[in-house]
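S.K.: Numbering (full-length UniProt numbering), first residue to last: 1 to 166.
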Amino acid sequence: MERNSQASQGYRLESQIREAYGRIIYTLTCHNKIINRLKRKNDLIKIAQIILSALLSGSFLVTIISSDKASGSVGGILSVILLILNTYAKNFNLIESVQEHQKASDLLWKIREEYVSLLTDFEVLEMEDIIKKRDELQDRTSEVYSNSPRTDAKSYAQAGSVTLTV
1 MERNSQASQG
11 YRLESQIREA
21 YGRIIYTLTC
31 HNKIINRLKR
41 KNDLIKIAQI
51 ILSALLSGSF
61 LVTIISSDKA
71 SGSVGGILSV
81 ILLILNTYAK
91 NFNLIESVQE
101 HQKASDLLWK
111 IREEYVSLLT
121 DFEVLEMEDI
131 IKKRDELQDR
141 TSEVYSNSPR
151 TDAKSYAQAG
161 SVTLTV
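As structure tokens, this is what we get:
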């Protein structure tokens, strides 16, 4: 297929496919960034729960053994903090969010690889076949986007700091 001049249909089609490929990479990177951030947040919450539970248990034991009112007060404060942390962890299921983003990332990875193959095979395919494959990839991408959780501004900004190659 002729794609040497910017005016040719092949050149414009390849440019459009490369642009779509770049958007897929960016979105895939956004999902991976938010996955990493949510996992880290979940790990920190779990560690904080363990530490607070240990401190609360220690405070409880000191109160029983020595009848120290200060340790009872510390235990009460730690108990409230642990209750707040547990309520947060219950209401925001971070692992479920990670799994949803991971599913989107996996589906986008497959689409990304198909874009790479399409660009690799560009010269040996007929224009109609390329257009058909492009349309199929656009439909599948749209389906993934509509069934996936949204990324946030922070992951979008983090993805922008990653070098993309098309």
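Where is the CB? At the ideal position from N, CA and C, for every residue including glycine.
According to the neighbour-count rule (16 or more other Cβ atoms, all chains shown, within 10 Å of its Cβ), is Asn147 buried or exposed?
M.R.: Its Cβ having fewer than 16 others within 10 Å, Asn147 is exposed.
S.K.: How should Thr151 be labelled, buried or exposed, when 16 other C-beta atoms within 10 angstroms of its C-beta is the threshold for buried?
M.R.: Per the 10 Å Cβ criterion, buried.
S.K.: From the DSSP output, in three-state form, read off Glu14 for me.
M.R.: DSSP places Glu14 in helix when its eight states are reduced to three.
S.K.: Give the straight-line distance between the Cα atoms of Ala89 and Gln158, rounded to the nearest whole angstrom.
M.R.: Distance between the alpha carbons of Ala89 and Gln158: 25 angstroms.
S.K.: By DSSP, does Ser161 sit in helix, in strand, or in coil?
M.R.: In this structure, Ser161 counts as coil in the three-state DSSP scheme.
S.K.: Quick test of your reading: Ile25 and Thr141, contact by CB under 8 angstroms. State the CB separation rounded to the nearest angstrom.
M.R.: 12 angstroms between Cβ atoms; not a contact.
S.K.: Taking the CB atoms as reference points, tell me whether Ile50 and Val98 lie closer together than 8 angstroms.
M.R.: Taking 8 angstroms as the Cβ cut-off, Ile50 and Val98 do not qualify as a contacting pair.
S.K.: Here's the rule: buried if 16 or more other CB atoms are within 10 angstroms of the residue's CB, otherwise exposed. What is Ser15?
M.R.: Answer is exposed; the Cβ neighbour count stays below 16.
S.K.: Say whether the stretch 107 to 120 touches the stretch 42 to 58, bearing in mind that this needs 3 or more beta-carbon pairs closer than 8 angstroms, one atom from each stretch.
M.R.: Flag = no, the stretch 107 to 120 and the stretch 42 to 58 do not touch.
S.K.: Can you name, in chain order, every residue of its own chain whose Cβ lies under 7 angstroms from the Cβ of Ile95, other than the five neighbours on each side?
M.R.: The residues are Asn42.
S.K.: Expressed to the nearest angstrom, what Euclidean distance is found between the alpha-carbon atoms of Lys133 and Arg112?
M.R.: Distance between the alpha carbons of Lys133 and Arg112 is about 13 angstroms.
S.K.: Note the first and the last residue of the continuous alpha helix (DSSP H) segment covering Leu78.
M.R.: Per DSSP, Leu78 belongs to the alpha helix (DSSP H) from 69 to 91.
S.K.: Would you mind working out which of Tyr11, Tyr21, Arg12, Gln102 sits nearest Leu114, comparing C-alpha positions?
M.R.: For the record, residue 114 in the displayed sequence is Glu; it is not Leu. It is Tyr21 whose Cα lies nearest to the Cα of Glu114.
S.K.: Would you decide whether Ala70 is buried or exposed? Buried here means 16 or more other CB atoms lie within 10 Å of its CB.
M.R.: Exposed, because fewer than 16 other Cβ atoms sit within 10 Å of the Cβ of Ala70.
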